[in-house]
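A.B. asks: Input: one structure, supplied below.
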């Protein structure tokens, strides 16, 4: 590296805004000897990195205090709710022709954090992810700073190796001794990969010819599966009407006999069955399809067996609960999102493949380091204890409390960490449970949700589901939460909904 | 928030590893009153956040020094090259059953940074992105810490508004007064969105019915377009053979008359033309298709007009160079990746749509804040000057230097910031340029590339292209580089290849 004189020659005459007016004024005058064309220095870097580095240093304490510590502090709000028009004003989102100085930008950063939902907060139970894993967060910071692309070993030597290590560990947890895999930009994309590969395996020519001359292809998934399965059928040109939505039982599990019937039906209709997408951990109820029985059927018919374990894959790290996924080793492919139960940070989604002779098509995602860093840190035993604690302590405790309290009603015993329940306000207790009762109960959860958002005390999702009126779905993920938090949720819902 | 007693009760008995053995020993004993089941505390958080917060604080100086300052210091190496087997040993990538303490993890972080390619380094010219924008980096850190999902205003109020602001600014730069858009996980996905929407617009029924009963659909793109266009045809069930690869001229631009001929041909063959994918900034040569003339043809045939400006969209911010994309406002959709020329950090890819009545399907990507933060900081004038400087100073200077020096040969005058050239070693100067000459020249760039990787002094890509043997492709993006860097590149290639 001969060019040691460079640093000394550095100028900031184009003046990315510094933090004080004085600095700015000085920066605007070019050094002696600068070659200027249209106000641009031509013999030195066009821009100095120092102001930028200073900005990162100024921003870090804000990130640490506001976005990490306060954002996970149980005594702070989960959200600082504002309606869109108000928030638009508060944030000053206008992009003007003139840039802003550091101190204003830092204030923007504070505001962005202030008005954002704190998904790492111990009272955030709204999505299929929650909590903060500081170890994966550090890995994510490093990845952002290095800004790598994972195309080849040449440009991403460390991350190419690391991806292989993490995918291998995931394959081992599935129960495969070999295979392949890739990180994808989301569970939806992983499911599409599966459909695409299954189609390629069954009809390799279609890649070139397209589907226009072929008989209809048939896909099978349960009526409780993720909407991305149908989306995949639309996107991949298969057609949503060629997705057979197999009946599920009351707990939300695919009924194998119904699958068999639907396959027979599709064949009779002249369609070519090529993939079954089973779900391990459905979105609403947290149900696990009976994988072994489905594997038997797939094997008998020679159909690709994909398991969407985006949410339920997390149970594979628990010695006690991994039996929920019994039979997963018989799948041809698996979608599993460590950003959900394993708290690796959005997005961290693996698509895993048993056959290692198929070339995978990469949309590029560099997401292994975050999971690697976590696994390097956490004992296998601890991970298992923690996951067990989440399941057996918090989930079990919450479900039992719900059953004890007259103002709550459990939809069903939780199988995973989705705890679904109704809140029954005073006015609806001890009344006949007729149509009117359910109609009124349907309106309760939305009002409580709005109140909790405005208060900022917690976030729990709700939805109707099939024949069930609106109910709360509490998702338990983070080992940073405790039984006290479970008590808090129930007490707070009662506080917020007492008068309804 | 009633639960103020919580912090005091916090325990770390499960003992995520602290940094010293003493701390660990203390952490392993639970507090008085703890309810333990199988070694798990049930009445307190299962895990303490403090150790994690400490880890982030310990890691930040390493990120700042190693991954930000050293990684962009011209006096440091661009890469510390190691073959895979060696690197595997150096990094200790094994995942064991026992977690590792902080000091070991911090060493892992240092090693990950050390052996990674420094894509922000002023001598990294290997991909279609480079440099470090500290303002977008801070935004990315905050986004990682907040870990938001952009599903709804409820869970991501700030980012939902911000996305709209950034997309609006991008649409304005395209020249649209209204429209829609979305951030996507990559330019490939954006192109697939376009193909999917164009198909939906032309044949809305196919979403439900699938393609199996339909006539073949025909797509048109130049032979210089990105490979993702053909991949889209395979993935979406259209078939690669239904992609008409329209002839390009010597500079790599689609020839409109050839497009017209191909559309006629497709119609004669019974296919349904539904989309033309033009390219603004091809990967290798940086060529811009003649958008206005292509728009005329699309209009005449009623075909969806998509512009893949993933790479070339950056020119829209330069008053002088935006004419390269004349006619882009007539497109129905545009793919534009701010992570490339606008240095927003991988991945930041926008898919923009003129029609705001079509519902977009979101794979979820939260990538607006990084671009917002940059635009808040940089003056419009400065952005324009900078981009002009990159084009007119560094690119122009490099091309002129290449023409001046007998040991280099320019493939063609650069139109964008791809500067393509051959290095002619001494042994190949003043010899007849016969088949043997080109055969030998073909071997030169790979040897020089290997040598520069092993030395770690810089990274420049090379490839053969159509009838051209291996040549270097220098990509100029970062305003942190200067004419001195351009000189350095040429001198260093000469140093490394003199003896060939």
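Protein chains in written order, with the working numbering: chain G, 1 to 500; chain P, 501 to 1000.
All C-beta atoms, glycine included, are put in the ideal place defined by N, C-alpha and C.
Assign residue 309/G to one of three DSSP states: helix, strand, or coil.
C.D. replies: Three-state DSSP puts residue 309/G in coil, outside helix and strand.
A.B. asks: Taking Cβ positions only, does residue 584/P come closer than 8 Å to chain G?
C.D. replies: Answer yes: the Cβ-Cβ gap between residue 584/P and chain G drops below 8 Å somewhere.
A.B. asks: If the criterion is Cβ atoms closer than 8 Å, does the pair residue 279/G and residue 224/G meet it?
C.D. replies: Result yes, Cβ atoms of residue 279/G and residue 224/G sit closer than 8 Å.
A.B. asks: Is there at least one Cβ from chain G nearer than 8 Å to residue 822/P's Cβ?
C.D. replies: Residue 822/P does not count as touching chain G.
A.B. asks: Specify, as a first and last residue, the run of the alpha helix (DSSP H) that residue 234/G falls within.
C.D. replies: Counting along the chain, the alpha helix (DSSP H) containing residue 234/G begins and ends at 228 to 235.
A.B. asks: On the three-state DSSP scale, how would you describe residue 779/P?
C.D. replies: If DSSP states are grouped into helix, strand and coil, residue 779/P belongs with the strands.
A.B. asks: Under three-state DSSP, which class holds residue 506/G?
C.D. replies: This structure cannot speak to residue 506/G, because chain G is shown only from 1 to 500.
A.B. asks: Alpha carbon to alpha carbon, how far is residue 615/P from residue 847/P?
C.D. replies: Taking the straight line from one Cα to the other gives about 22 Å.
A.B. asks: Kindly indicate if chain P contains any beta-carbon less than 8 Å away from that of residue 93/G.
C.D. replies: With 8 Å as the cut-off, residue 93/G counts as an interface residue toward chain P.
A.B. asks: Give the interface partners of residue 906/P over in chain G, defined as CB-CB distance under 7 Å, in chain order.
C.D. replies: Chain G residues near residue 906/P: none, gap ~22 Å exceeds 7 Å.
A.B. asks: Residues of chain G with CB under 7 Å from residue 939/P, in chain order?
C.D. replies: Ordered by position in chain G, no residue passes the 7 Å Cβ test against residue 939/P, which lies about 24 Å from the chain.
A.B. asks: Within 8 Å (strictly less), CB to CB, does residue 532/P reach chain G?
C.D. replies: Per-residue confidence for residue 532/P stands at a pLDDT of 48, beneath the threshold of 50, marking its modelled position as unreliable; no derived number is given.
A.B. asks: What's the call for residue 108/G, buried or exposed, on a 16-neighbour Cβ count within 10 Å?
C.D. replies: Classification for residue 108/G: buried.
A.B. asks: Measuring CB to CB, does residue 217/G end up less than 8 Å from residue 259/G?
C.D. replies: Not closer than 8 Å, so no.
A.B. asks: Using the DSSP secondary-structure output, state which residues sit across from residue 773/P in a beta bridge.
C.D. replies: According to DSSP, which records beta bridges pairwise, residue 773/P is partnered with 718/P.
A.B. asks: Are residue 56/G and residue 568/P closer than 8 Å when you measure CB to CB?
C.D. replies: Cβ distance < 8 Å, so residue 56/G and residue 568/P count as in contact.
A.B. asks: By the criterion of Cβ-Cβ separation under 9 Å, what are the contact partners of residue 627/P in chain G?
C.D. replies: In chain order: 149, 151, 155.
A.B. asks: Taking just the CA atoms, how far does residue 329/G sit from residue 70/G?
C.D. replies: Spanning the two alpha carbons is a distance of roughly 42 Å.
A.B. asks: Taking the straight line between their C-alpha atoms, what separation do you get for residue 170/G and residue 482/G?
C.D. replies: Computed Cα separation, rounded: 28 Å.
A.B. asks: Along the stretch 868 to 880 of chain P, where does the CB come closer than 8 Å to a CB of chain G? Name the residues.
C.D. replies: Result list: 869, 872, 873, 875, 876, 877, 878, 879, 880.
A.B. asks: Checking 8 Å against the spacing of the C-beta atoms, do residue 500/G and residue 460/G come in under that value?
C.D. replies: Against a cut-off of 8 Å, the Cβ pair of residue 460/G and residue 500/G comes out as no contact.
A.B. asks: Name the residue from 220/G, 149/G, 241/G, 239/G whose alpha carbon lies nearest to the alpha carbon of residue 257/G.
C.D. replies: Among 220/G, 149/G, 241/G, 239/G, the Cα nearest to that of residue 257/G is on 220/G.
A.B. asks: I'd like to know whether the C-beta of residue 28/G is nearer than 8 Å to at least one C-beta of chain P.
C.D. replies: Annotation note: pLDDT 31 at residue 28/G (below 50); position unreliable, no value reported.
A.B. asks: In terms of residues, what are the limits of the alpha helix (DSSP H) holding residue 63/G?
C.D. replies: Careful: residue 63/G lies outside any alpha helix (DSSP H) and carries neither H nor E.
A.B. asks: Measuring only the C-alpha atoms, how far is residue 320/G from residue 867/P?
C.D. replies: When rounded, the distance between both Cα atoms is 38 Å.
A.B. asks: Could you work out which residues of chain P lie near residue 476/G, taking near to mean beta carbons separated by less than 8 Å?
C.D. replies: Near residue 476/G there are no residues of chain P at all, since even the closest Cβ is about 11 Å away, more than 8 Å.
A.B. asks: Within 10 Å of its beta-carbon, does residue 989/P have 16 or more other beta-carbons around it, so buried, or fewer, so exposed?
C.D. replies: Per the 10 Å Cβ criterion, buried.
A.B. asks: Which of the residues in the stretch 163 to 186 of chain G, read from start to end, lie with their CB under 9 Å from any CB of chain P?
C.D. replies: Flagged, chain order: 164, 165, 166, 168, 169, 184, 185, 186.
A.B. asks: Pull up the distance between the alpha-carbon of residue 762/P and that of residue 742/P, whole angstroms please.
C.D. replies: Whole-angstrom Cα-Cα distance: 11 Å.
A.B. asks: At what residues does the beta strand (DSSP E) containing residue 923/P begin and finish?
C.D. replies: Run containing residue 923/P: 918 to 923, per the beta strand (DSSP E) assignment.
A.B. asks: Once DSSP output is grouped into helix, strand and coil, what is the label at residue 23/G?
C.D. replies: Its pLDDT being 31, under 50, residue 23/G is placed unreliably in this model, and the coordinates cannot settle the point.
A.B. asks: Please confirm if residue 901/P has its CB atom under 8 Å from at least one CB of chain G.
C.D. replies: Closer than 8 Å: no.
A.B. asks: Is the Cβ-Cβ distance between residue 310/G and residue 337/G less than 8 Å?
C.D. replies: Yes, these two residues count as a Cβ contact at 8 Å.
A.B. asks: Residues in its own chain within less than 8 Å of residue 484/G by CB, not counting five upstream and five downstream?
C.D. replies: Result list for residue 484/G: empty, nothing under 8 Å.
A.B. asks: Look up residue 852/P in the DSSP assignment and give the residues it is bridged to.
C.D. replies: DSSP, once it has assigned bridges, lists 681/P, 834/P as partnering residue 852/P.
A.B. asks: May I ask you to list the residues that DSSP assigns as paired with residue 960/P?
C.D. replies: 625/P, per the DSSP bridge assignment.
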